[in-house]
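Since the structure comes first, as structure tokens, the remarks are kept for the end.
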Amino acid sequence: MPVTIGLCGLGSAAERAHLPALTRAEETGACAIAGVCDPDPSRRDLFCERAREAQGFTDVAAMLDTVQPDLLVIASPPSAHLPAITAAVERDIDVLCEKPLGINRGDLDLLRCLVERHPERLIAPVHQYRFAPAWRVFTRTLAVAARREAAFRIDVSVDRPGTDPLSAGGWRADPEHEGGILGDHAVHYLALTWLAHPEGAVASCMRAGEPGSETASVGLQLGPGRATVTASYAGTARRNRIALDIPAAGFHLEWQDDALTVTRRGGPGSVRRVGALSQRQFVNELYGPLYEELFARLDDPAWRAIRTAETLGVAQLLAGALGCATTN
Numbered sequence: 073m074p075v076t077i078g079l080c081g082l083g084s085a086a087e088r089a090h091l092p093a094l095t096r097a098e099e100t101g102a103c104a105i106a107g108v109c110d111p112d113p114s115r116r117d118l119f120c121e122r123a124r125e126a127q128g129f130t131d132v133a134a135m136l137d138t139v140q141p142d143l144l145v146i147a148s149p150p151s152a153h154l155p156a157i158t159a160a161v162e163r164d165i166d167v168l169c170e171k172p173l174g175i176n177r178g179d180l181d182l183l184r185c186l187v188e189r190h191p192e193r194l195i196a197p198v199h200q201y202r203f204a205p206a207w208r209v210f211t212r213t214l215a216v217a218a219r220r221e222a223a224f225r226i227d228v229s230v231d232r233p234g235t236d237p238l239s240a241g242g243w244r245a246d247p248e249h250e251g252g253i254l255g256d257h258a259v260h261y262l263a264l265t266w267l268a269h270p271e272g273a274v275a276s277c278m279r280a281g282e283p284g285s286e287t288a289s290v291g292l293q294l295g296p297g298r299a300t301v302t303a304s305y306a307g308t309a310r311r312n313r314i315a316l317d318i319p320a321a322g323f324h325l326e327w328q329d330d331a332l333t334v335t336r337r338g339g340p341g342s343v344r345r346v347g348a349l350s351q352r353q354f355v356n357e358l359y360g361p362l363y364e365e366l367f368a369r370l371d372d373p374a375w376r377a378i379r380t381a382e383t384l385g386v387a388q389l390l391a392g393a394l395g396c397a398t399t400n
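FYI, in the working numbering the residues of the sequence shown are 73 to 400.
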């Protein structure tokens, strides 16, 4: 039987990423979109014209009560995430939610409470970067370093010339309610550090600049390792760089835009093209494998537990960063 889907939010993330991946999954029989929810009637009507078997709603609770889907996919602005998550899990419906899942300690407490009250429910984050081949090289390398208790250093820099111009609404320029650059971009790399060391913690955070052109830098302690994640809306171009150093092994791994460079013991680096997180289409295409894994493992208790733990762990890191941030 296909997994029935309720989709909350028909803005940019849905149009560019979720719906193309879900449409392909529908064609294979893995899922069926039964209902959509969005406050904009033009977006609802357009979708329902294209998918006549789906019903349109303005209210997520009404959609869930009427359609009773197996899974709620949340692609709305961050401030709307927790009410929709709560509505779903209290109706025994699993959740896949866009980042960020909570931006402060109160949000984190509510997430923990929901998990404690509904331990059988899945609350999974959309951290699609982990499906990029280069990202997997980083996570495998970090896993080896963790097993050997080797010191390591992660440095991340993300530059964007302002907020996403294709985004529906201006939520990315509202850091107080939506998380700003930390909730938009840095959270993906907090997820990488969580995968490397789930017991990691935020050591420092600095934010500067006006909403929509802000820069933020987060320092993390990851057991024997450290990480710095810097993200900016004040860049001159779209750029991404992730570097990993393991000094004891003489190992340097660097992913800059679409080039992955591996250097061992100071020798000449080997370079291969791997796709760039600075390219929108590359990022959008990562939703395909995200959904493939979801539908293949939705009934796997161990996988469900890991994804929910990831939600809580990354939300804790983000709340910690936003809570301790100093501003210039």
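Glycine is no exception: its CB is placed at the ideal position from the N, C-alpha and C atoms. In this text, all values refer to a predicted model and were calculated from it rather than measured experimentally.
Legend entry - V334 - containing beta strand (DSSP E), residue span: Residue 334 sits at position 262 when you count from the first residue of the sequence shown. Segment A331 to R336, the beta strand (DSSP E) holding V334.
Inset, instruction - Please specify which runs of the beta strand (DSSP E), each continuous and at least 3 residues long, are wholly inside the segment 175–261, giving them in chain order. - result: 195–198 and 224–233
Legend entry - Member of D372, D371, V75 and I195 whose CA lies at the smallest distance from the CA of A387: As a position in the sequence shown, residue 387 is number 315, starting the count at 1. Minimum Cα distance to A387 is reached at I195.
Inset, instruction - Pull up the distance between the alpha-carbon of R88 and that of M73, whole angstroms please. - result: In the sequence shown, residue 88 corresponds to position 16, counting from 1. In the sequence shown, residue 73 corresponds to position 1, counting from 1. Each residue's Cα considered, the two are about 26 Å apart.
Inset, instruction - Buried or exposed for D372, please, with buried defined as at least 16 other CB atoms from any protein chain shown within 10 angstroms of its CB. - result: On the sequence shown, position 300 is the one that residue 372 refers to. Classification of D372: exposed, given that the 10 Å Cβ count is below 16.
Inset, instruction - Alpha carbon to alpha carbon, how far is L292 from E125? Give it in angstroms, no decimals. - result: What you label residue 125 is simply residue 53 of the sequence shown in a count that begins at 1. What you label residue 292 is simply residue 220 of the sequence shown in a count that begins at 1. C-alpha separation (whole angstroms): 47 Å.
Legend entry - Extent of the continuous alpha helix (DSSP H) run through L349: Counted from its first residue, the sequence shown places residue 349 at position 277. Element bounds for L349: n/a, residue is neither H nor E.
Inset, instruction - Taking A381 as the reference, give the member of E271, V145, D164 and G101 with the closest Cα. - result: Taking the sequence shown and counting its residues from 1, one reaches residue 381 at position 309. Out of E271, V145, D164 and G101, E271 has the C-alpha closest to the C-alpha of A381.
Legend entry - Beta-carbon gap between T76 and P141 smaller than 8 Å: Reading the sequence shown from its first residue, position 4 is the one you call residue 76. Reading the sequence shown from its first residue, position 69 is the one you call residue 141. Contact: yes.
Inset, instruction - Report the option in E286, A268 and G297 whose CA atom is closest to the CA atom of A275. - result: As a position in the sequence shown, residue 275 is number 203, starting the count at 1. That would be G297, whose Cα lies nearest to the Cα of A275.
Legend entry - Nearest candidate by alpha-carbon position, reference R444, set H249, L332, A263 and E364: The displayed coordinates of the chain run from 73 to 400. Any statement about residue 444 would go beyond what the structure contains.
Legend entry - Straight-line gap, I157 to A263 (C-alpha atoms, nearest Å): Taking the first residue of the sequence shown as 1, we reach residue 157 at position 85. Taking the first residue of the sequence shown as 1, we reach residue 263 at position 191. Between I157 and A263, the C-alpha separation is close to 20 Å.
Inset, instruction - Measure the Cβ-Cβ separation of N312 and A348 and say whether it is below 8 Å. - result: Translated into positions along the sequence shown, residue 312 becomes position 240. Translated into positions along the sequence shown, residue 348 becomes position 276. Their beta carbons are under 8 Å apart, which means N312 touches A348 by this criterion.
Legend entry - H324: first and last residue of the uninterrupted beta strand (DSSP E) it sits in: Position 252 of the sequence shown, counted from the first residue, corresponds to residue 324. Note, H324: beta strand (DSSP E), F323 to Q328.
Legend entry - Residue nearest to L154 in terms of C-alpha spacing, selected from E250, C103, D256 and T235: Position 82 of the sequence shown, counted from the start, is the residue given in the question as residue 154. When each option's Cα is compared against that of L154, the closest is E250.
Legend entry - the segment 173–183 contacting the segment 356–363, beta-carbon criterion three pairs below 8 Å: no
Legend entry - Segments of 3+ residues assigned as beta strand (DSSP E) that fall wholly inside the segment 146–178: 166–170
Legend entry - Rounded straight-line distance, which links the Cα of V334 to that of A320: Walking along the sequence shown from the start, residue 320 turns up at place 248. Walking along the sequence shown from the start, residue 334 turns up at place 262. Rounded to the nearest angstrom, the two C-alpha atoms are 15 Å apart.
Inset, instruction - Just tell me which of P283, L325, G252 and T235 has its CA closest to the CA of L390. - result: For the purposes of this step, residue 390 is taken as the residue at position 318 of the sequence shown. Of the listed residues, the one whose Cα sits closest to L390 is G252.
Legend entry - Reduced DSSP secondary structure (H/G/I, E/B, other) of M278: As a working note, residue 278 is residue 206 in the sequence shown. It is a strand residue.
Inset, instruction - Decide if C185 is buried, meaning its Cβ has at least 16 other Cβ atoms within 10 Å, or exposed. - result: Numbered from its first residue, the sequence shown carries residue 185 at position 113. C185 should be labelled exposed.
Legend entry - Candidates L94, D317 and R345: closest to Q328 by CA position: Here residue 328 refers to the residue found at position 256 of the sequence shown. Closest option to Q328, Cα to Cα, is R345.
Inset, instruction - Compare the beta carbon distance of C109 and M135 with 8 Å and say whether it is the shorter of the two. - result: Sequence index remark: in the sequence shown, residue 109 carries index 37 (1-based). Sequence index remark: in the sequence shown, residue 135 carries index 63 (1-based). For C109 and M135, yes; Cβs fall inside 8 Å.
Inset, instruction - Kindly indicate the opening and closing residues of the alpha helix (DSSP H) around G392. - result: On the sequence shown, residue 392 is found 320 positions in, with the first residue counted as 1. It spans P373 to C396 - the alpha helix (DSSP H) in which G392 sits, taken as one unbroken run.
Legend entry - Collapsed DSSP secondary structure at G83 in the structure displayed: Within the sequence shown, the letter at position 11 stands for residue 83. Coil at G83, not helix or strand.
Inset, instruction - Let me know the secondary structure DSSP gives D142 once reduced to three states. - result: Locating residue 142 in the sequence shown gives position 70, counting from the first residue. Of the three classes helix, strand and coil, the one that applies to D142 here is coil, per DSSP.
Legend entry - Run of the beta strand (DSSP E) containing L370, from where it starts to where it stops: One-based indexing of the sequence shown puts residue 370 at position 298. No beta strand (DSSP E) holds L370; DSSP gives it neither H nor E.
Inset, instruction - Taking only the alpha-carbon atoms, compute the straight-line gap between S114 and D256 and give it to the nearest angstrom. - result: Working through the sequence shown from its first residue, we reach residue 114 at position 42. Working through the sequence shown from its first residue, we reach residue 256 at position 184. Approximately 26 Å, taken between the alpha carbons.
Legend entry - Endpoints, the alpha helix (DSSP H) within which L358 is located: Here residue 358 refers to the residue found at position 286 when the sequence shown is read from its first residue. No alpha helix (DSSP H) holds L358; DSSP gives it neither H nor E.
Legend entry - Identified DSSP bridge partners for V343: Start at 1 with the first residue of the sequence shown, and residue 343 comes out as number 271. According to DSSP, V343 bridges with T333.
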